Structure formats: structure tokens, C-alpha cells
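Quick notes on the structure that follows.
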């Protein structure tokens, strides 16, 4: 409503005649970005990463009601995909995982219910923050509907795209593009750029923090993908075939972990086409593409899940970031 008032000169001046006419005709009046934030209606968006936490295996599903989703857990995992095509579109060419990096896991009796309860508590803190008008004040201490809307849109985009990564195990290229958009979203929500997010020591530290903060019964459901993501980032370094030994060898003047992070950034930038646009990046981009064999571990897109899990675990951090962001 406030956004309509801000951007509708007639309404801002106090003239409501046209709004009344639109309303009487059954037209939309206050619908700013309405279809981009539909996840708050049934909360399906916000439990997607939870239900996909053991992808490509399957452990739970949901039924949605006006009062909120009901989650049914199996108590164990089963295969979430078929070995062959499950519909005609799967007959089209696509590239799936090169090898299996997961297994059918036995879960402790309370693991599923504990994971759901833990996730619900994190969402409770998240919704408590994004519904607090005081968090979205401008530099003058006045509530900013623009700032609030953009935060809501970004958070929903974050959850939706991580869910899309987890539901696309048959197409590693689609997952990779989704990862790049998720990393850009994480930067928007945390201030950490892709070079830092894809730096192995940083990812390892975040995984270690999660292992310490998430209860053991919950971690058996929520942490396997995060561990696979870090393992994939570590494996990415093996693709620098020109300097596989000694371990201390540098690539284009960079340590291997830094070179791997820069390489991911090169791939992200290549969504616009390969080749650096900035002259100062040309030599490094050319060198990284020459030194790496291009074998991208299929679990690398799970970094998006790792950073979503890390983000919802630190409500004080995102609350401060929302408040300080302009």
C-alpha cells in the first residue's frame, strides 16, 4: 500500500477516486511485486531446502494448509530419482552426476522430527525479523517500505533458488547457473563476495561452525549436503592439471585455494560469455581457463545450501545486516 502511495502521484496528493474505481471494477490496487513473494502464503518456499536436505535421496514431503504446512517424514531415506528417465523430457540430452557421492542413510529414530523442529525454530526467528518494521528504517529512522520489500524479495529468492538446486540433480549445468545466482544473493544478504564464499578455508570454517552449533540428531539430516559441498570445492583444485605437484605450487601466481575461488568467479562471469571484459582481468582469466581441465564437481552447487544453512543459523547477523543496509 505504501509503495502504491509513493509511486502514484494522484494517490500521494490525496486523490483516491481512481483507486476506488479500480477496486469497484475488481482490478488490482495494491499488488507491488505480489507474485514474487508468494512463499509467505503457504510457507512452501521456506521448507523446500529442509525437505531437499538429503537430495537426491528423499526423506520427507509436505501437505499445505491455510494454517501452514504439514510435514510427513519417512524416518529413513529412499532414492529420490529413478535410474532411468521418469518422463519424456528426461529423454532430452542433459548431463547428470559423473559419479555417486551419496548413499541411502539410516536415520536415528528422532532425527527427522528433531530436524523439522530445528528448522521451524530458525524460520520463527527469520519471520520475526523480516516482519519487524523497525529493522527496515532508513538513515533518518523512518520506516522504508522500499527497503522492506527488497529484503523480502531477496530472502524468498534465496530459498527458492536453493530449493531449485536440490530438485535438479539430473542437470548439473542448471544447478551450476543457479549456484551463481545464489552466491550473488548471499553477497547481497551478507556482504561476502564470491571470492570469499568460494575460498576453501572459509567454506571449511563455516562447515565447522555448523557442526558445532547444530545438534547431532539434526546434523544427520541437515549436514550431509554441506559436507559434500566443501568436499567438491576441495576437489575443484585437482583440476589444475599443470601444477598438481608440489602441493605448494601456484597457478597464475595464486595459491591453489585462491585460484579455485577465482576460477569459480570466472565461470560465474561466463554466464555472459567467456572472456574477461575488464582489461586488468584478462591475463588471469586466460591463465585460469588454460590451467584447469574444466571438470567441475557436480556437488559444487551445494555451496548454495551450505550458505543458506549458515545464514539462517545466525539471526543476529542478518538482523544487523538488514538494519544497516540502505
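Numbering (my numbering), first residue to last: 5 to 330.
Positions of the beta carbon are idealized from the N, C-alpha and C atoms, including for glycine.
Just so you know, these numbers come straight off a predicted model, no measurement behind them.
**Message:** Is the beta carbon of residue 189 closer than 7 Å to that of residue 162?
**Reply:** In this structure, the beta-carbon distance from residue 162 to residue 189 falls below 7 Å.
**Item:** Residue from 270, 313, 44 and 142 with nearest C-alpha to residue 70
**Value:** The candidate whose alpha carbon is nearest that of residue 70 is 44.
**Request:** Enumerate in chain order the residues of its own chain whose CB-to-CB distance from residue 297 is below 7 Å, with the five nearest sequence positions on each side excluded.
**Result:** 243 and 245.
**Item:** Proximity winner among 201, 195 and 48, relative to residue 264 (alpha-carbon distances)
**Value:** Shortest Cα-Cα distance from residue 264 to any of 201, 195 and 48 involves 201.
**Item:** Rounded C-alpha distance that separates residue 10 from residue 49
**Value:** Straight through space, the alpha carbons of residue 49 and residue 10 are spaced by roughly 29 Å.
**Message:** Does the structure place the segment 13 to 25 close enough to the segment 253 to 273 that three or more beta carbon pairs sit under 8 Å?
**Reply:** Counting Cβ pairs under 8 Å, fewer than three are found: no touch.
**Prompt:** Rounded to whole angstroms, how far is the Cβ of residue 157 from the Cβ of residue 41, which I believe are closer than 8 Å?
**Reply:** For a cut-off of 8 Å, the C-beta gap from residue 157 to residue 41 is around 6 Å, short enough to register as a contact.
**Asked** Would a C-beta distance cut-off of 7 Å place residue 169 and residue 187 closer than the cut-off?
**Response** Contact: no.
**Request:** Check the C-beta distance from residue 306 over to residue 211 and give it rounded, since I have them as a contact under 8 Å.
**Result:** Cβ-Cβ separation between residue 306 and residue 211: approximately 11 Å, too far for a contact (criterion under 8 Å).
**Request:** Would you be able to state if there are at least three C-beta pairs under 8 Å between the segment 55 to 73 and the segment 104 to 123?
**Result:** The segment 104 to 123 vs the segment 55 to 73: in contact.
**Prompt:** In angstroms, rounded to a whole number, what distance separates the CA positions of residue 320 and residue 130?
**Reply:** About 10 Å.
**Request:** Apply the 10 Å Cβ neighbour rule to residue 267 and answer buried if 16 or more other Cβ atoms are within range, or exposed otherwise.
**Result:** Classification of residue 267: buried, given that the 10 Å Cβ count is 16 or more.
**Item:** N-terminal and C-terminal residue of the beta strand (DSSP E) that residue 77 is part of
**Value:** Looking at the DSSP string, the run of the beta strand (DSSP E) that includes residue 77 is 72 to 83.
**Request:** Report buried or exposed for residue 121, applying the criterion of at least 16 other Cβ atoms within 10 angstroms of its Cβ.
**Result:** Residue 121 should be labelled exposed.
**Item:** Residue closest to residue 223, alpha-carbon to alpha-carbon, out of 109, 92 and 194
**Value:** Looking from the CA of residue 223, the closest CA among 109, 92 and 194 belongs to 109.
**Message:** I'd like to confirm the pairing. Which residues does DSSP put opposite residue 147 in its beta bridges?
**Reply:** DSSP output for residue 147 lists 141 as bridge partner(s).
**Message:** Can you list, in chain order, the residues of its chain with a C-beta nearer than 8 Å to that of residue 232? Leave out the 5 residues immediately preceding and following it.
**Reply:** So the list reads 105, 106, 303 and 306, once near-sequence residues are dropped.
**Supposed contact pair residue 111 and residue 85 - C-beta distance, whole angstroms, cut 8 Å** = Their Cβ separation, rounded to whole angstroms, is 19 Å, which puts residue 85 and residue 111 out of contact at 8 Å.
**Item:** Own chain partners of residue 95 with C-beta closer than 8 Å, once the 5 adjacent residues on each side are dropped
**Value:** Taken in chain order, the residues that qualify are 89.
**Prompt:** At what residues does the alpha helix (DSSP H) containing residue 122 begin and finish?
**Reply:** Counted as a single uninterrupted DSSP element, the alpha helix (DSSP H) harbouring residue 122 occupies residues 115 to 134.
**Item:** Cα-Cα separation, residue 294 to residue 310
**Value:** Whole-angstrom Cα-Cα distance: 29 Å.
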